[in-house]
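> For reference, the structure I am asking about is given below.
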Amino acid sequence: MSGEKTFRLDGKPIAFSDGDTIMDAALRAGEYIPHLCHNPEFTPHGSCRVCIVNADGRQVSACTQPAAENMEVDNASDSIMDQRRALLQMLFVEGNHVCPGCEASGACQLQAVAYYVNMLSPHFTHFFPQRSVDASHPDIAIDFNRCILCELCVRASRDVDGKNVFAIDGRGIDSHLVINSPSGKLGDSNFSADDKAAHVCPVGAILPKHRGYDKPIGERLYDQQPISIVGDLAANEQDEER
Amino acid sequence: MLPEQSNRTLNVSIGDYVSSITASANSPGDLLQHLYDIQYRYSCIPGEAVTSLAAKLGLTEAHIHGVIGFYSFLHSMPRGQYDVLFSDSITDHMLGSRELMARLCEKLGVASGAPRPDGRVTIAATSCTGMCDQGPALLVNGWTITQLDESRIDSIAELIESRTAVENWPAEFFQVEDNIRRKDILLTDDTDDGDALRALIDRGAEVLLDQIEASGLRGRGGAGFRTGLKWRFCKQTEADQRYVVCNADEGEPGTFKDRVLLNSYANRVFEGMTLCAGLIGASKGYLYLRGEYRYLREPLERVLQQRREAGLLGSNILGTAGFGFDIEIHMGAGAYICGEESSLIESLEGKRGIPRKRPPFPVSNGYMDKPTVVNNVETFMAAALIAVHGADWFRAVGTDESSGTKLLSISGDCERPGIYEYPFGVSINDILKDCGAADTQAVQVAGAAGFTIPPSEFDRSIAFEDISTGGSFMIFDQHRNMLDMVQNFAHFFVHESCGFCTPCRVGSSLMRDLVDKVHSGHAGEYDLGEMRNIGALMRGSSHCGLGTTAANPVLDTLDKFPHIYEQRLKHTGYEPAFDLDAALQDARDITGRDDDGAHIRTES
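The listed protein sequences derive, respectively, from chains R and E.
Taking this note's numbering, the leading residue of the first sequence gets 93, the next gets one more, and so forth.
Taking this note's numbering, the leading residue of the second sequence gets 11, the next gets one more, and so forth.
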């Protein structure tokens, strides 16, 4: 179509409209750029850095970088994939991610993206942080060991639910998710299993109670096909997958 | 500067106090200033203050806890009645700060970091307090004490034991010298207060903005963006309100020139801000003053008041209808990242200082989402003088790419540390000669995220086109171990990373652990490769300038000072990240064994 603006993703022309980020345009065109903190339903965040691409010689996060006419975007070179793998490894050693014992295994974007970038080991020294599990809420449990600070729950609770149940406290490596309630426990907050924030966690940190392994590990979303083909949990009714 | 009579008493209930401070300032943006005042008064921010503030400002308690948790000077748990923070800059270390801190801890019977059981005192370290030319330095309840030595430490211990109020401590403890050693066009200028504003009124905004652009003035914080261009972008953005913000969050280790400008040249700085307001059409400005410069707050408030009385601030400035502008001082609370302009804006809005996504840039979407100019203290001062003397006067000094002069904060191994104003283009060699440095092994220019310069490069110059700097210049002579500097900076960045993005949050900790591993003699060649890889990742993938530069001291010294690493390496291909034998200590303690069979001996 003449007059349509395009940029090139690994050489392939991608159409975009004014205001689109590289990620917006790529996802619409069915092209996969790995990501964790990004969810098209929410304002881009740009914190996990997994969607790092090289755009005209500059490394940027695809989820926050506006697309520009004739831009050359590298989304697949060894250098980009090496960096993404190292970022995944950093996320793995920062928390306590034990895939074989996790209810979300097979339906976890952290795990699925790690497979996509060929991460075979955590590589770095584990931090083994002391983190807790909050099972105080009747319907939802939070395992802080698995939180990757994507702030999707923070954004969903603030922007969609209008409840501000979640916030980030601390600084640097001590940054951590906190809950807005007198005791700091989820059970004392006005959080509900129907909240949008209960359904956006890309990992196994926020989990529904009273059920588990409805679908056995081995038959789950990313056990069948890579995330680059099937996309995010949000696009696949994630709750049915675990 | 002697502390003013403080209201650090507890005879007002926290609820009443919160009500009093929120009576007139009750927008969410006032949160950080309220927290700062509460911390100062009560030595912590009690839970009931959080509850009360949340109700008054319409914020959640979790949000307020998040803000408290972000800033080093805010605490949920009580600090001691005397909260002592030793400046942790490498130059303070070189002047013996750690030994003095240990001495004070011992005298007072308190461990570093936690309050003494009777609640009297807390002693801890804090990032560089900006007194490197007269260190070692500390802060007590926010007030700066310089030139520490054993006798001063012993006096401090006695004053604390005798519960002497800080405002009654000897005045000389709080003396902060300017130490200006070399003056050039900025520091020698004798322009009268108001001259730049009169030039603006006489000649018009467009003419003067042209002059600022033609002068080639670039941002003095170190990034070097063209000031005239920034101001024009801001002016051109359609808006009903614009803001002028002066970045006085001078947190880069080894920098202290803004301290001197605000102490002795504040009128010029405010004049530059007012000029900018007149040029871009702003009616409100903020000076974001780092918490470490608490002692400058009241003197600066007095200068602002004098300017209001002289008709240089307020409505109808110099009798000109429609030219209204005023400046408010906001205090930082211990966060290096807030020197980054978008973090600073977040902090001004009372939030955690997380850098924003760019674009959009502050010139179009800044404070309160309005077009905002953020410039360094020195930049505003230079702009004011350009308005008076013209672009040619400024361009006559410096180089083609870098017009004018640069203030350097010189510290470390030299005879005359202090402030040196040089035309851009001055060589490192000339600077070292002037300040009396001998036998220099390295110069760290531009702070912890800057450049480590070996003697083979001492003919290089200070300029945007060569070595660009906000002004930090730390000198290390031959008897220093440069790895101590690298280690100091690696720890600094772990403390100061905001935690938003993965590579900086996690990478800075991994880097620190590897530097410590080298420093303690446990690293092998493999670890140096790891440091290069992590450093490259932080540089290439971080969200903001802190993350992209935090690995600089490691990467620079690996290239230019490889021997400081190699002499500490174990000559093995791979060394584990932990000491196998030390890891068994708990088991030995439990079983009461210490025989050979209870140890793992590794070959070294």
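The beta carbon of each residue, even a glycine, is placed where N, CA and C say it ideally should be.
Give a yes or no on whether the minimum CB-CB distance between Met163 (chain R) and chain E is below 8 Å.
With 8 Å as the cut-off, Met163 (chain R) does not count as an interface residue toward chain E.
> CB-CB under 8 Å to Val373 (chain E), same chain, minus the five flanking residues each way: which ones, in chain order?
Correct list, in chain order: Lys240, Phe243, Cys244, Thr247, Pro381, Thr382, Val383.
> Is Thr98 (chain R) helix, strand or coil by DSSP?
Reduced to three states, the DSSP call for Thr98 (chain R) is strand.
> For the candidate residues R:Glu161, R:Ala259, R:Gly138, R:Arg176, whose alpha-carbon lies nearest to that of Ser109 (chain R)?
Residue R:Glu161 is the option with its Cα nearest to Ser109 (chain R).
> With a threshold of 8 Å between beta-carbons, can Asp369 (chain E) be considered close to chain R, or not?
It is Pro, not Asp, that sits at residue 369 (chain E) in the sequence shown. For Pro369 (chain E), the answer is yes, since a Cβ of chain R falls inside 8 Å of its Cβ.
> Taking Cβ positions only, does Cys140 (chain R) come closer than 8 Å to chain E?
Yes, Cys140 (chain R) counts as interfacial toward chain E.
> Taking Ser53 (chain E) as the reference, which of E:Pro125, E:Asp203, E:Ser30 has the closest Cα?
It is E:Pro125 whose Cα lies nearest to the Cα of Ser53 (chain E).
> Determine, for Pro513 (chain E), whether the minimum Cβ-Cβ distance to residues of chain R falls below 8 Å.
Output row for Pro513 (chain E): interface = yes.
> Unbroken alpha helix (DSSP H) runs of length 4 or more, entirely within the region 188-259 of chain R: which are they?
The qualifying runs are 201-208, 244-247.
> State the beta-bridge partners of Leu269 (chain R) as determined by DSSP.
DSSP output for Leu269 (chain R) lists R:Ile260 as bridge partner(s).
> Do Thr98 (chain R) and Cys155 (chain R) have their beta-carbon atoms positioned less than 8 Å apart in this structure?
It is not a contact, given that the beta carbons lie outside the stated cut-off.
> Of all the CB atoms in chain R, is at least one closer than 8 Å to the CB of Val28 (chain E)?
Judged by the 8 Å Cβ criterion, Val28 (chain E) is not in contact with chain R.
> Mapping DSSP to helix, strand and coil, what is Thr567 (chain E)?
Looking at Thr567 (chain E) - three-state DSSP - the assignment turns out to be helix.
> Just curious, the alpha helix (DSSP H) that Gln488 (chain E) is in, first and last residue?
From DSSP, Gln488 (chain E) is part of no alpha helix (DSSP H); its letter is neither H nor E.
> What are the boundary residues of the beta strand (DSSP E) that Phe108 (chain R) is part of?
Per DSSP, Phe108 (chain R) belongs to the beta strand (DSSP E) from 104-108.
> Are the C-beta atoms of Gln201 (chain R) and some chain E residue less than 8 Å apart?
No, because no Cβ of chain E sits closer than 8 Å to the Cβ of Gln201 (chain R).
> Which of helix, strand or coil does DSSP assign to Ala4 (chain E)?
The structure shown does not extend to residue 4 (chain E), since chain E is modelled only from 11 through 614, so no value can be given for it.
> My understanding is that Gly90 (chain E) touches Arg130 (chain E), with C-beta atoms under 8 Å, so please give their C-beta distance in whole angstroms.
With a Cβ gap of about 6 Å, Gly90 (chain E) and Arg130 (chain E) count as contacting.
> Would you call the region 480-500 of chain E and the region 414-426 of chain E in contact, with 3 or more CB pairs under 8 Å?
The answer is yes - the region 414-426 of chain E touches the region 480-500 of chain E, with three or more Cβ pairs under 8 Å.
> To test your reading of the DSSP string, which unbroken alpha helix (DSSP H) runs of 4 or more residues are found completely within the region 374-430 of chain E?
You should have 387-399, 401-405.
> Classify Tyr298 (chain E): buried if its beta carbon has 16 or more other beta carbons within 10 angstroms, exposed otherwise.
Label assigned to Tyr298 (chain E): buried.
> Tell me the residue span of the alpha helix (DSSP H) that contains Asn178 (chain E).
Neither: Asn178 (chain E) is in no alpha helix (DSSP H) and is coded neither H nor E.
> Of the choices E:Ala592, E:Ala456, E:Arg318, E:Tyr253, whose alpha-carbon is the least far from that of Asp566 (chain E)?
Answer by Cα proximity: E:Ala456.
> I'd like the list of long-range same chain contacts for Asp202 (chain E), defined as Cβ closer than 7 Å, with 5 residues on each side in sequence excluded.
Around Asp202 (chain E): no qualifying Cβ.
> Can you tell me which of the three DSSP states Cys142 (chain E) falls into?
Note: Cys142 (chain E) maps to helix in three-state DSSP.
> Closer than 7 Å by C-beta to Ile339 (chain E): which residues in its own chain qualify, once you throw out the five before and the five after it? Chain order, please.
Closer than 7 Å at Cβ, skipping near neighbours: Leu297, Leu299, Arg307, Leu310, Glu311.
> Of all the alpha helix (DSSP H) runs that stay within the bounds of the region 188-246 of chain E, which reach a length of 4 or more residues?
Taking only runs of at least 4 residues, the alpha helix (DSSP H) segments lying wholly in the region 188-246 of chain E are 205-213, 215-225, 237-246.
> Give the list of continuous alpha helix (DSSP H) stretches no shorter than 4 residues that lie fully inside the region 425-501 of chain E.
For the region 425-501 of chain E, whole alpha helix (DSSP H) runs of length 4 or above, ordered along the chain, are 438-444.
> Can you check whether the C-beta of Ala259 (chain R) is within less than 8 Å of a C-beta belonging to chain E?
Yes, contact with chain E.
> Would you mind telling me which residues of chain E sit closer than 9 Å to Ala178 (chain R), beta carbon to beta carbon, in chain order?
Within 9 Å Cβ-Cβ: Pro513, Gly517, Asn543, Ile544, Leu547, Ser551.
> For Gln151 (chain R), which residues in chain E fall below 8 Å Cβ to Cβ?
The contacting residues are Gly550, Ser551.
> Any chance you could list the beta strand (DSSP E) runs of at least 3 consecutive residues sitting entirely within the region 267-325 of chain E, in chain order?
Listed in chain order, the complete beta strand (DSSP E) runs (minimum 3 residues) inside the region 267-325 of chain E are 294-299.
> How about Cys445 (chain E) and Pro427 (chain E): do their beta carbons lie closer than 8 Å?
Yes; because the gap between Cβ atoms is below 8 Å, this pair is in contact.
> Tell me, please, which residues DSSP counts as bridged to Cys256 (chain E).
Answer is E:Leu297, E:Asn385.
> Is the Cβ-Cβ distance between Tyr305 (chain E) and Trp153 (chain E) less than 8 Å?
It is a contact, given that the beta carbons lie within the stated cut-off.
> Measure how close the beta-carbons of Pro513 (chain E) and Gly545 (chain E) come, nearest whole angstrom, since I'm counting them as under 8 Å.
Between Gly545 (chain E) and Pro513 (chain E) the Cβ distance is about 10 Å, and since that is not below 8 Å, they are no contact.
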